[in-house]
Each structure stands twice: as C-alpha cells, then as structure tokens.
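Each position in the sequence shown, counted from 1, maps to that position plus 4 in our numbering.
Note that CB positions come from ideal geometry on N, CA and C, so glycine has one too.
Every value quoted in this text rests on a predicted model; they were computed, and no experiment measured them.
Heads up, the thing below is written out as structure tokens.
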Amino acid sequence: MYRKIMIITLVYGNYSDLSRFVKSIPFRCEDFKLVIVDSFKDNNTKNIGLNFSKSVDADFISVDNNGYGSGNNAGIKYALDNYEFDYLIITNPDVEIEKIDLYDVKDDVVMGPQVINLNGKNQNPFYYKKERLGFLVMRHYVVSENAFWLYLYLVINKISKFFWKTYFTIFDKKIKLNVYALHGSFFSMTKRTAKKLVPLFNEEMFLYSEENHLAELSKRKAVTMIYNSNWIVKHFEDGSGASDSQFTRENTLKSLRVFFKTWK
Numbered sequence: 005m006y007r008k009i010m011i012i013t014l015v016y017g018n019y020s021d022l023s024r025f026v027k028s029i030p031f032r033c034e035d036f037k038l039v040i041v042d043s044f045k046d047n048n049t050k051n052i053g054l055n056f057s058k059s060v061d062a063d064f065i066s067v068d069n070n071g072y073g074s075g076n077n078a079g080i081k082y083a084l085d086n087y088e089f090d091y092l093i094i095t096n097p098d099v100e101i102e103k104i105d106l107y108d109v110k111d112d113v114v115m116g117p118q119v120i121n122l123n124g125k126n127q128n129p130f131y132y133k134k135e136r137l138g139f140l141v142m143r144h145y146v147v148s149e150n151a152f153w154l155y156l157y158l159v160i161n162k163i164s165k166f167f168w169k170t171y172f173t174i175f176d177k178k179i180k181l182n183v184y185a186l187h188g189s190f191f192s193m194t195k196r197t198a199k200k201l202v203p204l205f206n207e208e209m210f211l212y213s214e215e216n217h218l219a220e221l222s223k224r225k226a227v228t229m230i231y232n233s234n235w236i237v238k239h240f241e242d243g244s245g246a247s248d249s250q251f252t253r254e255n256t257l258k259s260l261r262v263f264f265k266t267w268k
C-alpha cells in the first residue's frame, strides 16, 4: 500500500493531545497515514487509543512499554513492512504543526523544525555543535553522579548555545543549518534515509538522551542533521509519561551510560 507520508507517533497513556495534533496535520488525507504506537499502560488507555485510531483512520499497534526508542523503532518497522512511502515523520503526540514543507527533505538528511514550547522558547537545535568539553564534563557526571559536573555541563551547554545562536543570527543567517543534534519531538526523513538508519534508536535507552544517539548514528551513516527554521511546530510537553524529577534523573543517567558505552 502506498502513502506519500508516514507519520509515527508513540503514546503512553495520554491520548488527550492526539486530537489537536491530527487537526494540525496539513496534508491531504489520501497523502498520509498516521501510525499510532501504543506503549502499553493498561487496557483502558489501549482501548481509548484503538477507538481514536478508528475515528481518524489511523493504523494502531500496541507494544510493551520498553521506552521511547523501542516504541518508535516498532512504528518505523511497521511502516517499512506495510507501506511504500516517500517521507517519514517521527513526532510526539503533544505537538501541533504550524508550518512544514516536506519537499525540503532530501535523501541522507534528517530535518527538524523550530520547536516552540509553551514559554515561547525554541528547543531546536538540540545541539548546534558537539562541544567536546561539554560531553567530557557530562561523562564525568555519569561516572561520578556528582551534581557539580551536571551543573558545570549545563553552564557550558548554555554558553555554547548562546554563542552559536548569536553567531548564526548575526553572521550566518541560513534558513537551513547543519547541526549536531535535533530535538526528538519532531523530525522527518525520506524512506531511503530511514532504511539506512534502522534501527534509529538504541532500545537500551528507555527514555531521554535519544537525540544524542541519533546524532552519532547519523554521523556514522553519513546522514546530515539539518535544522530548518522555516518549519514550525508547537510543543506542549505534556503528552509523554512521568515528569517526576527523580524518574527523569534516573532514566537520564541510565540512557547516558548506554550512550557513552555505545559511542566511545
């Protein structure tokens, strides 16, 4: 079966955002297929997702809750196994598309938009450049779990982002920038690029820091990360699972350990 565009969205329990997201999809209904991947929480939310998928003519698959990477890998595999298509979009359910043109996406490219959160902050690029000092400090934090290294990394990262944002705003006003890593809430690629990268995510990483892994994988496979400032999505940041700070800290540490083990 052919659809020009495949859209993969992973949901854990919270289906309240999906209606807003679907209404924001700017493509003709015959041009795209939405695949809802239910990261199983309980039978009640699974049934809500199944009924919603029927109401919007989306495909629905349910998988064990093994994290962001595992769920998205399952959705991508489903798309590749069941459809012919030109473009693939990986998106959180808690976004709203404002502006996008997939004809900007070429082979061997992963492209991401401005990702505007509720405070009006643009979360993209995730990293303009890979700062070796910052990643060295982050590695020290992972090994020691000492908060000093975490705060030092955050300071270095903030300075780096400010510098590169200022540089590109004043001196290099490109609409499309080659960057190290894109925010994971929304990005796109061609089918050929998806086949080149699969599996996109390391399933040992349950949640957080998946952007780092995809950045290194893309570099290894000669795929360029491009931030396209002409594309815009809103990110409401309430469509995933837990937001507890201890949960975030523990799972970020686990993911970073896997990242540094994988990409030495």
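Contact belief for Ile179 with Asn234 at Cβ below 8 Å, rounded distance in angstroms: 5 Å
According to DSSP, is Asn51 part of a helix, a strand, or is it coil? helix
Should Ser244 be labelled buried (16 or more other beta-carbon atoms within 10 Å of its own) or exposed? Confidence at Ser244 is low in this model, with a pLDDT of 45, below 50, so its placement is unreliable and the value that follows should be read with caution. Classification of Ser244: buried, given that the 10 Å Cβ count is 16 or more.
Endpoints, beta strand (DSSP E) assigned at Ser233: 228-239
Alpha-carbon to alpha-carbon, Ser20 and Glu254: 27 Å
Reducing DSSP to helix, strand and coil, say where Tyr91 ends up. strand
Segment limits, alpha helix (DSSP H) that includes Gly116: It is not in any alpha helix (DSSP H) - Gly116 instead sits in the beta strand (DSSP E) that spans 113-120.
Tell me the residue span of the beta strand (DSSP E) that contains Leu66. The question names Leu, but residue 66 is Ser in the sequence shown. Here the beta strand (DSSP E) through Ser66 covers 63-67.
Under 8 Å Cβ to Cβ from Ile160, same chain only, skipping five residues before and after it: list those, please. Glu135, Leu137, Gly138, Val141
Using the Cβ count rule (16 or more neighbours within 10 Å means buried), how would you classify Ser222? buried
Of the listed residues Val237, Ile104, Asp112, Phe210, nearest to Asn182 (C-alpha basis): Asp112
Just the C-alpha distance for Val99 and Ile12, rounded to the nearest angstrom, thanks. 13 Å
CB-CB under 6 Å to Arg143, same chain, minus the five flanking residues each way: which ones, in chain order? Phe264
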